[in-house]
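A.B. asks: Have a look at this one.
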Amino acid sequence: ACALLVTQKSLRLGAPLLSMSAFAFTNELSTFAGYEMLKYVSFPVQVMAKSVKMLPNMMMGRIVNGTRYSVFQYGQAIAALICVAIMHISDEAGHESKATGEATAMSENWKLFMGVL
């Protein structure tokens with residue numbers, strides 16, 4: 057920013073800040089939610105959960121930018137979301153709760169997961 061101000065005597069960016077603010081906000085929110093969610097799930101579910109970000113990004117792209125996606129692409133994003141849900145449920149069924157703290161962690165995990173939806 058300082059280099060632009062010194063060399064061009066103005067601080068004009070390429071894109072208007074208002075149009076980029078929605079993307080910046082959702083990016084920060086998804087990063088925060090992603091790191092919080094990773095505290096409560098196993099590694100395989102962590103890896104699969106990264107693919108869940110497709111659907112919210114597609115929806116924001118449609119709302120903010122007007123980007124059109126095919127029904128097939130929405131189907132792929134929904135299928136990834138369903139696969140993550142199935143893996144999460146099977147991971148919970150395979151491990152019995154050792155303490156009430158773990159049960160609380162699982163309920164918090166579901167809240168975060170439903171927040172993505």
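Under this note's numbering, the letters of the sequence shown match residues 57 to 173, in that order.
Positions of the beta carbon are idealized from the N, C-alpha and C atoms, including for glycine.
Just so you know, these numbers come straight off a predicted model, no measurement behind them.
1. Measuring alpha carbon to alpha carbon, tell me which of Ile119, Val62 and Val127 ends up nearest Ser75.
2. Reducing DSSP to helix, strand and coil, say where Pro112 ends up.
3. Give me the Cβ distance between Val116 and Tyr125, rounded to the nearest whole Å; I'm assuming they're in contact under 8 angstroms.
4. According to DSSP, is Lys95 part of a helix, a strand, or is it coil?
5. What did DSSP end up calling Lys182 once you bin it into helix, strand or coil?
6. For Tyr91, count the other beta carbons within 10 Å of its own beta carbon; 16 or more makes it buried, fewer makes it exposed. Which is it?
7. Give the DSSP-derived three-state secondary structure of Arg124 in the structure shown.
C.D. replies: Put simply:
1. The residue with the shortest Cα to Cα distance from Ser75 is Ile119.
2. helix
3. First, the amino acid is wrong: residue 116 is Met here, not Val. Actually they are not in contact, since the Cβ atoms of Met116 and Tyr125 sit about 12 angstroms apart, beyond 8 angstroms.
4. coil
5. Residue 182 is absent from the model: the chain starts at 57 and stops at 173.
6. exposed
7. coil
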